[in-house]
Every structure is written in C-alpha cells, then in structure tokens.
Amino acid sequence: MRIFDPHIHMTSRTTDDYRAMAAAGVRAVVEPAFWLGQPRTNPGSFADYFDSLVGWEPYRAGQFGIRHHATIALNPKEANDPRCRPVLDLLPRYLDKDGVVAVGEIGYDSMTPEEDEAFAVQLALAVEYELPALVHTPHRDKARGTERTLAVVAESGIEPGRVVVDHLNEVTVKIVQDSGCWMGFSIYPETKMSPPRMVEILRAHGLDRMLVNSAADWGHSDPLLTRATGEAMLAAGFTDDDVDKVLWRNPVEFYGQSGRLDLSDLGPAADTFEGSSIKRGGS
0 MRIFDPHIHM
10 TSRTTDDYRA
20 MAAAGVRAVV
30 EPAFWLGQPR
40 TNPGSFADYF
50 DSLVGWEPYR
60 AGQFGIRHHA
70 TIALNPKEAN
80 DPRCRPVLDL
90 LPRYLDKDGV
100 VAVGEIGYDS
110 MTPEEDEAFA
120 VQLALAVEYE
130 LPALVHTPHR
140 DKARGTERTL
150 AVVAESGIEP
160 GRVVVDHLNE
170 VTVKIVQDSG
180 CWMGFSIYPE
190 TKMSPPRMVE
200 ILRAHGLDRM
210 LVNSAADWGH
220 SDPLLTRATG
230 EAMLAAGFTD
240 DDVDKVLWRN
250 PVEFYGQSGR
260 LDLSDLGPAA
270 DTFEGSSIKR
280 GGS
C-alpha cells in the first residue's frame, strides 16, 4: 500500500512518527501552513515558520524516504489578528518556491469580515500563481461555513477542480461534490472523521475527487490513520486499486496541477495518474 498524506503538520511530529509512517507505506506528504497553537505576534515569526516548511522539513522527511511538499498561507484563525495581516504581503516570496504546491490553509475559522478579506485575497493569489488552493472549513457551524466557502470560491473565478475543501463530513460532502471542488476528509482518533465513517462516505459518493488525510498536528491525532483507512476499505470489499486511487493517485492528481510535485527517486511509488503534472529531477 503506497500512501500520500495530502494534509499533515509534520512540524508538530517527531522523527519517530516519520519512521512509523515510512514503515506503514507513506511515501509523500503535503504540509499546509497552519496555526501553531500559540498565537504569533509579528510577520517575522511567519517568515521563520515558512522557511522551515520549505527548507528544514523536506530535509527531515527525506531522511526517512518521504517526499515533503508544503502549502503556504495566512491561516484563517490568525487572519483576525491585525498584527498578522502584513503576512499577506510576504506570501508572494514563498508562492514562487518549487516545493510549494498550493495556497493553504485558507478559508474560515469564525467567519468574520477579516477572514472574508484574507480568503478572497489568497484565492486571487492562487489564480495569479497558478496554484491549487487548500481550504479549511470551520469546526463550528460547519454546514453554513461550507456553503459560505463555496460561494467565495465561485466569486473568485478559480476553477473548482483546483480547490480542495477540507475537513468535510457526512453533512457537507454532497454540496462540495456538486460544486466540482475536491473533497478532503481528516481522519482523527475521536473527532472529525473515522475510518469506518470514511468507508461509508466512499461507498455513497464514489472515489473521484476524494482526498483522505490524517491532518496530524500537535493535538490528539494519529499520522497512521491514512493507513488504517486503507485497511478499512479493503476489509469492506474495496479493491487494492480503489485504495491506491484514494491514498495515492488522487492526491498526486490534485497537487500535480501545481506543476511542482516532485516524486523523483521514489521508485515504483512515483508511477502516477496519467495526465497529472509531475516535476522530474531535483527540486
């Protein structure tokens, strides 16, 4: 089983996690910029963080044979802090870098006017830099937040197929599927989504445009739940090819739209979905 975790915060994880992920079949990850738990108070702290996402973390992952890419953005929660707003001016410096495969996480936390503005600005940057967008849906009032998210995406002019709307559940999956956007699901030990629930969603809605991630971070999370979801799919009667589509080919297809996905030197795991734009050679 080859696994590409399309949303995981490895900055929060240990080298033991990398070792366990590699043993479980994880060969590639995308790490979105996010809220670190402790509020940041100036743009310089973001610059240091972004530098680590495009420099140190790929090196750390590579020691375990895992290819690391990042997405860069001002996250929704900190978009509400006026001290952090100048981060929007820093983003172009990082959106030009080879290892950055999307703009994200963007979207909503509390659905404030400040979040509206940051969301729209960053969708415009995604269009300008020809990058996909990774969108965070709010943990509270998720149905209304998802509807509002889709409205902003439609207004932005970005192609729906270049947007993944993440942290979905049984209530929100259908409206995102109907929008043409990709559907993201975070598998957690106790909250968000579980492997058995994910299996039922795949049965009901099919495998196309589905991204399954662990979203593992500094909270109660598990970077091996992508593997557990694949095993649950097999136990439920899905084929090896079905699992490969969800856990490998789908994330390759989505992030391959950036033209910056580098899966060279991964051997057979780099055999990809036909038509995705995969960078070959060094980064």
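Per numbering that gives the first Met the number 0, the very first residue in the sequence shown carries number 0; after that it's consecutive. Just so you know, even glycine gets a beta-carbon here, dropped at the ideal spot from N, CA and C. All of these numbers come straight from a predicted model, not from anything done at the bench.
- Proximity to residue 21 across 234, 250, 42 and 60 peaks at 60, based on C-alpha coordinates.
- Pairing residue 161 with residue 132 gives a Cβ-Cβ distance under 8 Å.
- Scanning the region 12-70 for uninterrupted alpha helix (DSSP H) segments of 4 residues or longer gives 14-23, 42-53 and 55-61, listed from N- to C-terminal end.
- A distance below 7 Å between beta-carbons, with the five flanking residues on each side excluded, links residue 148 to the following residues of its chain, in chain order: 106, 107, 134, 136 and 164.
- Taken in chain order, the complete alpha helix (DSSP H) segments of 4 residues or longer contained in the region 125-208 are 141-155, 172-178 and 194-204.
- 213 is the residue among 202, 42, 213 and 233 whose C-alpha sits nearest the C-alpha of residue 185.
- For residue 101, there is no enclosing alpha helix (DSSP H); the residue is found in the beta strand (DSSP E) stretching over 99-106.
- Taking a 10 Å sphere around the C-beta of residue 41, we find fewer than 16 other C-beta atoms and assign the residue as exposed.
- In this structure, the straight-line span from the alpha carbon of residue 66 to that of residue 81 is close to 35 Å.
- Distances from the CA of residue 49 to each of 220, 15 and 91 were compared; the closest alpha carbon is that of 91.
- Closest in alpha carbon position to residue 223, among 249, 193, 32 and 150, is 193.
- In the three-state scheme derived from DSSP, where H, G and I count as helix and E and B as strand, residue 74 is classed as coil.
- For the set 0, 24, 28 and 2, the Cα lying nearest the Cα of residue 12 is the one of 28.
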